[in-house]
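Taking the working numbering, the leading residue of the sequence shown gets 379, the next gets one more, and so forth. Worksheet: one structure, shown below.
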Amino acid sequence: MKYLVIGSGLFGSTFAYEAAKRGHKVTILEKRNHIAGNIYTKKIDGINVHMYGAHIFHTNMKNIWDYVNQFADFNNYINSPIANYNGEIYNLPFNMNTFNKLWGVKTPLEAKNKIEEQKNNLNLPDNPKNLEEQALSLAGSDIYEKLIKGYTEKQWGRSAKKLPSFIIRRLPFRFTYNNNYFNDQYQGIPIGGYTQIIEKMLSSNLIDIKLNTDFFDDKEKYLNTGYDKVIFTGMIDKFFNYQYGELEYRSLKFETEEKNIDNYQGNAVINYTDSNTPYTRVIEHKHFEYGEGDKGKTIITHEYPQDWSRDKEPYYPINNNRNKALYKKYVELSKKENNNVIFGGRLGQYRYYNMDQTIMSALQLVKHEFNF
Ligand code: FAD
């Protein structure tokens with residue numbers, strides 16, 4: 379079989395690797411000037427810089443953890459972000475360290491009582507109508523004002539009073555002194571960065587990669603060049619020329635800079651939770667690999683959330699009823715019109731996938747395609 383894969387991100391590359399392993403020929407079109415999609419890391423000053431935002435691999439699926447470990451050795455990095463609220467520093471996720479700093483409480487019982495007291499002091503309706511009421515009813519006023527409100531409003535570009543309550547269904551309170559952000563059993567960062575994973579996946583001589591090549595520049599030609607199947611990991615609404623309308627996304631802007639200092643902020647991820655600071659996070663990349671990099675240099679990235687428009691990168695699908703219904707219409711259209719085109723990955727399936735879910739979803743397609 380001859381496959382055409384659009385996009386060299388984790389989804390397209392996992393599929394290409396598995397297809398080539400079985401003796402199939404794969405051509406990959408990639409519109410960027412590099413492989414690896416959003417997990418792309420680039421070495422600057424000896425530091426592996428996460429060019430499209432901080433990426434921490436975490437999973438509970440042992441088979442996916444074993445699978446990804448074929449392509450890289452992982453360190454034992456544990457994500458423990460810090461919140462900076464107008465210069466006050468708190469540990470995340472919300473845990474005993476956070477509660478101690480907020481209120482001086484020392485035991486889980488004292489912390490629970492304090493949260494209850496904060497909630498009871500508010501006169502909230504039984505059914506929260508918006509995100510603000512929902513968060514207040516779950517966390518009380520201090521946590522909401524200092525650690526949720528500003529950050530969430532910046533992320534979504536809207537007042538918490540205008541955001542739907544379902545965005546926050548529950549809050550991850552932890553009544554232990556444990557700053558590990560994730561609950562998953564397996565977690566780490568590939569030593570030497572993520573790009574090597576994709577390089578190894580695409581190293582077969584049955585795989586031909588064409589960089590700087592946008593499928594939409596000559597869609598009809600590519601669809602009619604004699605490929606048996608097309609795996610498309612770009613935007614499904616664009617594939618169909620937005621004929622039912624645009625799906626919505628949130629975008630991000632990254633500003634990366636070099637600093638002539640060994641250690642700028644002492645942690646890989648710091649969230650800015652006040653509403654005056656325009657960015658949501660500052661990443662200091664060397665801390666993902668325990669300070670690996672040139673002496674006296676560090677690389678930091680400011681992350682700014684943005685509205686999406688067609689000239690911007692679509693990072694996060696917006697999972698509301700309108701978009702769910704619209705996506706379903708495109709899926710129905712794809713079944714009717716393009717039987718040899720398979721839509722996959724975060725844009726093709728309009729779904730927020732973590733890396734482990736992306737690999738799992740690509741392997742499901744492999745299973746289906748090659749009948750095993
Ligand atoms: P992508 O990586 O987007 O790959 C799609 C590729 O297709 C891109 O290279 C694109 O250029 C190319 N393409 C699109 N259209 C065309 C076209 N028309 N022609 C040619 N090429 C095209 N996951 C975690 O597990 N942990 C994390 O900490 C984490 N952090 C994240 C932080 C951010 C800011 C973001 C946005 C995501 C994060 N993720 C994280 C999710 C992770 O990035 C995804 O799971 C993964 O990258 C999805 O791979 P993909 O192949 O589906 O998509």
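All C-beta atoms in this analysis are idealised placements derived from N, C-alpha and C, irrespective of residue type, glycine included.
If you follow the alpha helix (DSSP H) that residue i is in, where does it begin and where does it stop?
{"i": "S629", "result": "Per DSSP, S629 belongs to no alpha helix (DSSP H); it is in the beta strand (DSSP E), Y627 to K637."}
{"i": "D444", "result": "K440 to V446"}
{"i": "G528", "result": "K527 to W534"}
{"i": "V647", "result": "No alpha helix (DSSP H) holds V647; the beta strand (DSSP E) holding it covers V647 to Y650."}
Can you tell me whether residue i is buried or exposed? The criterion is at least 16 other CB atoms within 10 Å of its CB, across all chains shown.
{"i": "P692", "result": "buried"}
{"i": "P656", "result": "exposed"}
{"i": "G424", "result": "exposed"}
{"i": "M379", "result": "exposed"}
{"i": "Q512", "result": "buried"}
{"i": "Y627", "result": "buried"}
{"i": "E396", "result": "buried"}
{"i": "Y668", "result": "exposed"}
{"i": "D504", "result": "exposed"}
{"i": "H663", "result": "buried"}
{"i": "H665", "result": "buried"}
{"i": "T405", "result": "buried"}
{"i": "E531", "result": "buried"}
{"i": "L589", "result": "exposed"}
Could you give the residue range of the beta strand (DSSP E) that holds residue i?
{"i": "L407", "result": "K403 to L407"}
{"i": "F750", "result": "Note, F750: premise wrong, no beta strand (DSSP E); not H, not E."}
{"i": "G723", "result": "From DSSP, G723 is part of no beta strand (DSSP E) but of the alpha helix (DSSP H) over G723 to G726."}
{"i": "E662", "result": "R659 to E662"}
{"i": "K566", "result": "This sequence places Gly at residue 566; Lys is not what is there. Residues Y564 to G566."}
{"i": "Q574", "result": "Element bounds for Q574: not the beta strand (DSSP E) but the alpha helix (DSSP H), T573 to M579."}
{"i": "Y381", "result": "K380 to I384"}
{"i": "F389", "result": "Here F389 belongs to no beta strand (DSSP E); instead the alpha helix (DSSP H) covers L388 to K399."}
{"i": "N462", "result": "I460 to Y463"}
Between the alpha carbons of residue i and residue j, how many angstroms are there, rounded?
{"i": "D672", "j": "E510", "result": "44 Å"}
{"i": "S458", "j": "N641", "result": "17 Å"}
{"i": "F750", "j": "V383", "result": "21 Å"}
{"i": "L704", "j": "N475", "result": "43 Å"}
{"i": "Q735", "j": "N498", "result": "39 Å"}
{"i": "L580", "j": "K403", "result": "12 Å"}
{"i": "M429", "j": "V660", "result": "13 Å"}
{"i": "F560", "j": "Q496", "result": "26 Å"}
{"i": "N411", "j": "L741", "result": "26 Å"}
{"i": "Y708", "j": "P695", "result": "15 Å"}
{"i": "N556", "j": "K599", "result": "55 Å"}
{"i": "T485", "j": "N478", "result": "9 Å"}
{"i": "N426", "j": "Y728", "result": "28 Å"}
{"i": "K616", "j": "G465", "result": "43 Å"}
{"i": "K714", "j": "F594", "result": "20 Å"}
Taking C-beta to C-beta, are residue i and residue j nearer than 8 Å?
{"i": "N558", "j": "I442", "result": "no"}
{"i": "V744", "j": "F452", "result": "no"}
{"i": "V608", "j": "N717", "result": "no"}
{"i": "S629", "j": "Q563", "result": "no"}
{"i": "T611", "j": "T419", "result": "no"}
{"i": "L500", "j": "L487", "result": "no"}
{"i": "I567", "j": "A414", "result": "no"}
{"i": "G387", "j": "N416", "result": "yes"}
{"i": "L516", "j": "L480", "result": "no"}
{"i": "F435", "j": "Q565", "result": "yes"}
{"i": "G570", "j": "A450", "result": "yes"}
{"i": "K507", "j": "S543", "result": "yes"}
{"i": "L407", "j": "T591", "result": "yes"}
{"i": "K490", "j": "F553", "result": "yes"}
{"i": "L525", "j": "A461", "result": "yes"}
{"i": "I614", "j": "G535", "result": "no"}
{"i": "G674", "j": "N698", "result": "no"}
{"i": "T658", "j": "E681", "result": "yes"}
{"i": "N649", "j": "Y529", "result": "yes"}
{"i": "I677", "j": "I467", "result": "no"}
{"i": "D606", "j": "Y381", "result": "yes"}
{"i": "A398", "j": "S687", "result": "no"}
{"i": "T651", "j": "Y463", "result": "yes"}
{"i": "G385", "j": "G723", "result": "yes"}
{"i": "N701", "j": "L625", "result": "yes"}
{"i": "L711", "j": "F618", "result": "yes"}
{"i": "I737", "j": "Y445", "result": "yes"}
Taking 8 Å as the CB-CB limit, is residue i close to chain C?
{"i": "Q742", "result": "Here there is only one protein chain, and chain C is not present."}
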